[in-house]
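Colleague: When we follow the UniProt record's numbering, the leftmost residue of the sequence shown carries the number 1, and every step to the right adds one. C-beta: ideal position from N, C-alpha, C; glycine also. None of these values were measured; they are calculated from a predicted model.
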Amino acid sequence: MPKLVDHDERRHLIADAVFRVTARDGLDAASLRHVATEAGVTAGMVQHYFPSKDAMLRYAMDEARVRYEQRMTAAIDALGPEPSPRAVLGAMLQNFIPRTRAEIDDGRVSLAFQAHAATHEELSAALAADDALLVEHLAQLVAVATRADLAAADATLVATGLMATAEGLGLKVLSAGMDPAVAADALESQLARVLGL
């Protein structure tokens, strides 16, 4: 009887290897061959699932988004039943600031993907689409949290600014050694100021 192969499991295995290689050695080191070695599989298997490095990176970028969404969902669930829109907004934005070793590694990978996407139009378009959905959700929370009659465009501007602030503080933690607690406090201060709370 032939062995059943779980193709999704193999893709996840390869994506995890991309994350480890990228977090440790940078995205340039994430060649098909190097990733195969890291995953403990053959280069032929990696090429079977991902015919090019860009295809492999696109899948890994999608996996990184899923990891972020899982962390965000867990943070929101931890708020308890019926959290306020303000609390949900804060929890979502605070997830841009890495605190644990796993979050720092994921942040390094995300940063490497963003830099790579800057020169690869298809990957850039995928990131832009993900960002647009997140900003739309944040804008809805901003509008409810402020209890003001904000026009949708104004709520979107506020959400865009808050997301940029959170991403910038996360970047400072990753690249400049900022203490995550200081970054979290700075974000909370900015959030309170912007929302007028």
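Helix, strand or coil: which one does DSSP assign to residue 230?
Modeller: This structure cannot settle anything about residue 230, because the visible part of the chain is limited to 1 through 197.
Colleague: DSSP state of THR22, grouped into three classes?
Modeller: helix
Colleague: With distances taken from CA atoms, which of GLY90, SER124, THR160 is nearest LEU187?
Modeller: GLY90
Colleague: Could you tell me whether the Cβ atoms of MET61 and PHE113 are closer together than 8 angstroms?
Modeller: For MET61 and PHE113, yes; Cβs fall inside 8 angstroms.
Colleague: Classify THR73 as buried or exposed, calling it buried when 16 or more other Cβ atoms lie within 10 Å of its own Cβ.
Modeller: exposed
Colleague: Give the C-beta separation of VAL173 and ALA183 to the nearest angstrom, bearing in mind that I take them to be a contact with Cβ-Cβ under 8 angstroms.
Modeller: About 5 angstroms separates the two Cβ atoms, so the contact holds.
Colleague: Tell me the DSSP secondary structure of PRO51 in three-state form.
Modeller: coil
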